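Taken in order, these protein sequences are the chains called A and B.
Sequence positions in the first sequence follow the numbering used here and run -4 to 211.
Sequence positions in the second sequence follow the numbering used here and run -4 to 211.
Where a beta carbon is used, it is the ideal one built from N, C-alpha and C, also for glycine.
This structure is a prediction, so every number in the text was calculated from the model and none was measured.
For reference, the structure discussed in these notes is given below.
2 protein chains.
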Amino acid sequence: MDITTEKLATLFPGMESGLKEAILSEGHVKNVKEGELLVSSGQYIKSAMLVIDGLVKVSREDEDGKEFLMYYLEPGSACALSLLCAARSEKSAISAKAVSDVTIITVPFVLTETWQTRYRTWHEFVVATYRKRFEELLITLDSVAFKSMDERLVFYLKRQMKVSGKLLAISHQEIANDLSTAREVVSRLLKKLEQSGAIVLSRNHIEIINLDKIFD
Amino acid sequence: MDITTEKLATLFPGMESGLKEAILSEGHVKNVKEGELLVSSGQYIKSAMLVIDGLVKVSREDEDGKEFLMYYLEPGSACALSLLCAARSEKSAISAKAVSDVTIITVPFVLTETWQTRYRTWHEFVVATYRKRFEELLITLDSVAFKSMDERLVFYLKRQMKVSGKLLAISHQEIANDLSTAREVVSRLLKKLEQSGAIVLSRNHIEIINLDKIFD
DNA sequence: TTGCCAGAGTGATCATTGTCACTGAAGTCG
DNA sequence: CGACTTCAGTGACAATGATCACTCTGGCAA
């Protein structure tokens, strides 16, 4: 893929032009096919990653393989983890997976560290990224801590709708993984939502009609 | 309380001396009594807060008053929230409470923003703080997402022990709040821990004997 | 076409947690 | 010393979610 300064300007509006040029000249463009992992659990990260195209799903995994959706990264966002590099974690770890075909730019940390002082807007970008991820993580935490499964499912479907529209090509099993529960539970709750008219179920996909009537 | 540059140097080892002087001259020292709130839920934050003395408990609250322990702030740490200022949040919010008598230094954001460029070590401190809180939040999230109540309780007691020693002056109700569950549940599980010899229960306090035998 | 398989639906049952309704027990303050 | 209040213990029961054991269905491949 060909990435221009204009493209970067649209994705990262606040950045000064010198920084954008540096990203283009120093960064490595990388394409990742749908379904592949950008970061697998337990791996060391030594580059910052900027999402240019596609959708990235960031999950947490525990020691025995259970996983858990944290948030999605859309074009114009960076992987905070790559920035914070929580690498030496003991038990649980993080994985990033391409939901669609994805294009990213990677920049070694050695370089981004020098950017911190050289480019004011890089620093701003890093702090904004932290803030954004922190907030998303808090929202995720809220839903786990305070909500029951049916509410969490509705919340999940709303989030899915935001990133991929009203027609979701996703299996019950996958939803169950993201919510860290069992497929049967998801099936039953989806059935209830269908009966209430909020969604329509078909094999391998779910059509969202209206989730707003459900709760709040 | 009298705060010297030496005191700051011990608490914030990495900081350049100019920054430490700036903190002393520009910051406001504030004492908060045990049990009082530094930040109450839903409030706007317009200053950074550096913890000098005492222990601060940071919790999340949802719309109907249920709360939830996020992490503790010890001397030498900053409130990331004050740095990220997630103020405009809709439903849930954050509160910070003094567990013991606390001394903090507050610095208006207007000032800290200029520090970002003026003092390299301030920027480093901010990023390190983000990273630290993010990791702690992830660990909290793990325990909620993957663990059952008895495991979470043990995890909680271990964390308490780290911040306040083997003798915990805390009621079952308070533990229940922190874990976002019911007092009865906590009572029952504590009883089980006592029977297994891991702790000793008394009125208004819990003595920790050995939590290591319990789970891994 | 037939057979196979992954995804989905469902009932039965169990374990965990939440809720209710109490009883005691230990301060504490007039 | 009562009278009150707060904290803790406990049994009974409800509700939620996890697990097991199936069946059913549509699509794909041999």
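Q. Relative to the C-alpha of L188/A, which residue among L152/A, D137/A, E29/A is closest?
A. Counting from 1 along the first sequence, the entry for residue 188/A is found at position 193. The shortest C-alpha separation from L188/A is found at L152/A.
Q) Does DSSP put S84/A in a helix, in a strand, or in coil? A) Numbered from 1 along the first sequence, position 89 holds the residue referred to as residue 84/A. Its pLDDT being 48, under 50, S84/A is placed unreliably by the model, and nothing is read from it.
Q.
Please report the distance separating the alpha-carbon of S182/A from that of G60/A.
A. For the purposes of this step, residue 182/A is taken as residue 187 along the first sequence, with counting starting at 1. For the purposes of this step, residue 60/A is taken as residue 65 along the first sequence, with counting starting at 1. Between the alpha carbons of S182/A and G60/A lies a distance of about 21 Å.
Q: Tell me, please, whether the CB atom of H200/B is closer than 8 Å to any CB atom in chain A?
A: One-based indexing of the second sequence puts residue 200/B at position 205. H200/B does not count as touching chain A.
Q: Can you grab the Cα-Cα spacing for the pair G192/A / L148/A, in whole Å?
A: As a working note, residue 192/A is residue 197 in the first sequence. As a working note, residue 148/A is residue 153 in the first sequence. Computed Cα separation, rounded: 15 Å.
Q.
So with CB distances below 8 Å, who are the chain A contacts of F141/B?
A. Start at 1 with the first residue of the second sequence, and residue 141/B comes out as number 146. F141/B reaches chain A at D57, K61, F63, S87, S175, counting residues in chain order whose Cβ is nearer than 8 Å.
Q: Kindly say whether D207/B, judged by its beta-carbon, lies nearer than 8 Å to any beta-carbon of chain A.
A: The residue labelled residue 207/B in the question sits at position 212 within the second sequence. Between D207/B and chain A, the shortest Cβ-Cβ separation is not below 8 Å.
Q. Taking 7 Å as the line, does the beta carbon of T101/B fall inside it for any heavy atom of the ligand ATP?
A. For the structure depicted, the ligand ATP is absent and the ligand set is empty, with no information on it obtainable.
**Q.** Residue burial classification, D137/A (beta-carbon count within 10 angstroms, cutoff 16)
**A.** If you number the first sequence from 1, residue 137/A lands on position 142. It is buried - the Cβ of D137/A has at least 16 other Cβ atoms within 10 Å.
Q. Among V122/B, P103/B, L196/B, which has the Cα closest to the Cα of S20/B?
A. On the second sequence, residue 20/B is found 25 positions in, with the first residue counted as 1. Each of V122/B, P103/B, L196/B was checked against the Cα of S20/B, and the nearest Cα belongs to P103/B.
Q.
If we define contact as Cβ-Cβ less than 8 Å, is A82/A a contact residue for chain B?
A. For the purposes of this step, residue 82/A is taken as the residue at position 87 of the first sequence. Per-residue confidence for A82/A stands at a pLDDT of 47, beneath the threshold of 50, marking its modelled position as unreliable; no derived number is given.
Q.
Can you pull the chain B neighbours of V121/A, defined as C-beta to C-beta under 8 Å?
A. Stepping through the first sequence from its first residue, residue 121/A is reached at position 126. Chain B residues near V121/A: V122.
Q: Verify the CB distance criterion: does Q111/B have a CB-CB separation below 8 Å to chain A?
A: Here residue 111/B refers to the residue found at position 116 of the second sequence. So yes, Q111/B belongs to the interface.
Q: May I ask you to list the residues that DSSP assigns as paired with E202/B?
A: By one-based count along the second sequence, residue 202/B stands at place 207. Its beta-bridge partners are L162/B, V195/B.
Q.
Does the structure place the stretch 39 to 56 of chain B close enough to the stretch 93 to 108 of chain B that three or more beta carbon pairs sit under 8 Å?
A. The stretch 93 to 108 of chain B vs the stretch 39 to 56 of chain B: in contact.
Q) With 8 Å set as the bound, which would you pick, yes or no: does the beta-carbon of D145/B sit closer than that to a beta-carbon of chain A? A) As a position in the second sequence, residue 145/B is number 150, starting the count at 1. Taking Cβ atoms only, chain A never reaches closer than 8 Å to D145/B, which makes this a no.
Q: Have a look at V121/A and E169/B and give me their C-alpha separation to the nearest angstrom.
A: Reading the first sequence from its first residue, position 126 is the one you call residue 121/A. Reading the second sequence from its first residue, position 174 is the one you call residue 169/B. Looking at the two C-alpha atoms, the distance is approximately 37 Å.
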